[in-house]
């Protein structure tokens, strides 16, 4: 058996019938979650990016946290602005970035070229499920409507956290906030230093591996050196624009549910067979709110 | 200028001569570090893995934290145990794993088949540079001799933290601790829940992108489905076994130095042109102790 050497072997041992009662893994809790613990994502909030190589990347947008940027992104998708777009930057342990890059293409109707700095929003009015562990980047951390958030009760702000697969808006130096035409997804350790400095507009809910496995760019900041290396994008559409029969559908776990509270507790205290020492805490970005295909 | 849209544009604006004094970035501090702030890595502590596709991955071993496992790894390298090894598992946002997988090849001389559980070591005797930010996984976090550590002053343990590019020893269920024959490198958000559960033996100091950009395995836990997908490894050697003229050499920043203290402060408080709001804190795994080629 020395050759198995799995990191999380417990998941594969179901059926091995241990004498003691089985301790639940996070995956067990997701698999057993009642229908009431799930919320369907509005197809108008799903951005579907099809790469020319056949890979599909689906982004859940967060209009409640960056409304002007997200409205821009939707207007760009609906007007086929991204025709000819590519992934032109892949920086290891940081981001993959796509769009038209050096294009001077005019903005289509409905786009606000200079959006406000939607880096934070007021904490007031948000129902937060606290993480229950300390956060290095903010006085508070937790979950709002399925999203990882950092916040300050004293200063009154809240922001979407930069975690693995988070999607943000590329920008130049301040006061530029970016239009939404150039987007990036995080493909490394959550670069939380970007929190409150860049507009986070969503997260990849399927196909992040299609970006994270791309060759890294060799120029400064991970830009590809030659345009021949750019990864062509066939289409970027909203799911709501795709015929219903072909439309991908997703649901996320309600972070206000008892099921999520259980999931969060177990994430912080893995006690299944592999985890000989429960951590007693968890990083905001390691919780990974469950999102799955809706069947 | 809307088309530039860089995430960290400040680095490219040197020479643009702003009127105010230039605020240092972490990279500036690394570039300006005195020779006294660097420590050379012993070539006997560098594991050089050459992939058949030409990519090279260099791992700095940490014998001071997992002596028996590291001694095993050195004995395996010296005896060419890994002839025929492959990367056979790549799980997105988690690990790339390599070795002989299902082989029953006998252990060479000098290998301890059942090492002790070197998941922690005593805190006593370690000179720690504290992180200065809270850590979700341990009462304390900081740096020892160039390594990110978590620790408990009360319980008296310290452990190498699982960060991006950390290298650990694959194992089966406890009490198995793994031999060192199967190793993995982290290619996603630091899976700190593995701290004190697995032996960390080092970190990739060059070429992590050669692992992180590999196609993801589609079987459970990211194992490749077909052996034809395995990524062949040409050789795994210690740098000390490579002729001096071809031997790669590396140095890391002394985490006890004033330069590192400055670097750490700026990491927690980015205040260059792009960062409009310094975070006031930093995640242990986002500090990234500087390591570079020694010329």
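Residue numbers (our numbering), protein chains in the order written: chain A, 1 to 295; chain B, 1 to 295. Beta carbons are placed, not taken as given, at the ideal position from N, Cα and C, and that holds for glycine. Because the structure is a prediction, the values reported are computed rather than measured.
- Sixteen is the threshold: when 16 or more other Cβ atoms of the shown chains lie within 10 Å of the Cβ of residue 273 of chain B, as they do, the residue is buried.
- Residue 283 of chain B and residue 134 of chain B have their C-alpha atoms roughly 8 Å apart.
- Annotated as distal: residue 190 of chain B and residue 91 of chain B, with beta-carbon spacing of 8 Å or more.
- Around the beta carbon of residue 219 of chain B, fewer than 16 other beta carbons sit within 10 angstroms, so the residue counts as exposed.
- A distance of 8 Å or more separates the beta carbons of residue 146 of chain A and residue 259 of chain A.
- A straight-line Cα-Cα distance of about 13 Å links residue 109 of chain A and residue 179 of chain A.
- Non-local C-beta neighbours of residue 93 of chain B in its own chain, meaning closer than 8 Å and more than five positions away in sequence, comprise 187, 188 and 189, ordered along the chain.
- Rounded to the nearest whole angstrom, the CA to CA distance from residue 142 of chain A to residue 88 of chain B is 36 Å.
- In the DSSP assignment, residue 260 of chain B falls within the alpha helix (DSSP H) that extends over 258–268.
- Chain-ordered listing is empty here: chain A has no CB closer than 9 Å to the CB of residue 83 of chain B, the nearest sitting near 16 Å.
- For residue 116 of chain A, the secondary structure class from DSSP, reduced to helix, strand or coil, is coil.
- Shown in chain order are the members of the segment 267–279 of chain A whose Cβ falls below 9 Å from a Cβ of chain B: 267, 268, 270, 273, 274, 275, 276, 277, 278 and 279.
- With the rule of 3 Cβ pairs closer than 8 Å, the segment 152–163 of chain A does not count as touching the segment 154–168 of chain B.
- The three-state secondary structure of residue 185 of chain A, taken from DSSP, is strand.
- Contact check for residue 210 of chain B and residue 51 of chain B: beta-carbon distance about 6 Å, within the 8 Å limit, so the pair qualifies.
- In this structure, residue 251 of chain B and residue 292 of chain B form a Cβ contact; the two beta carbons are roughly 6 Å apart against a cut-off of 8 Å.
- Residue 53 of chain B and residue 239 of chain B have their C-alpha atoms spaced approximately 20 Å apart.
- Secondary structure at residue 105 of chain A: coil, using DSSP grouped into helix, strand and coil.
- Residue pairing by DSSP places residue 50 of chain B opposite B:56 and B:235 in a beta bridge.
- In this structure, residue 150 of chain A lies away from residue 83 of chain A, with their beta-carbon atoms at least 8 Å apart.
- Within chain A, the residues 209 and 213 have their CB atoms less than 9 Å from the CB of residue 215 of chain B, given in chain order.
- For residue 190 of chain A, at least one C-beta of chain B is nearer than 8 Å to its own C-beta.
- When DSSP states are grouped into helix, strand and coil, residue 152 of chain B belongs to the strand group.
- Closest in alpha carbon position to residue 26 of chain A, among A:48, A:289 and A:246, is A:289.
- In the DSSP assignment, residue 40 of chain B is bridged to B:251.
- Residue 267 of chain B and residue 34 of chain A have their alpha carbons spaced roughly 43 Å apart.
- The shortest CA-to-CA distance from residue 72 of chain A to any of A:42, A:65, A:112 and A:227 is the one to A:112.
- Within the segment 107–126 of chain A, contact with chain B at the beta-carbon level (separation under 7 Å) is assigned to no residue.
- Beta-carbon to beta-carbon, residue 97 of chain B and residue 170 of chain B are separated by about 6 Å, close enough to satisfy the 8 Å threshold.
- Taking all protein chains shown into account, residue 280 of chain B has fewer than 16 neighbouring C-beta atoms within 10 Å of its C-beta and is therefore exposed.
- Residue 115 of chain B counts as buried, since no fewer than 16 other beta carbons sit within 10 angstroms of its beta carbon.
- Taking 8 Å as the cut-off, the beta carbon of residue 55 of chain A is found no closer than this to the beta carbon of residue 156 of chain A.
- The beta carbons of residue 99 of chain B and residue 183 of chain B sit about 6 Å from each other, so the pair counts as a contact at 8 Å.
- Residue range 166–169 is occupied by the beta strand (DSSP E) that includes residue 169 of chain A, with no alpha helix (DSSP H) assigned at that position.
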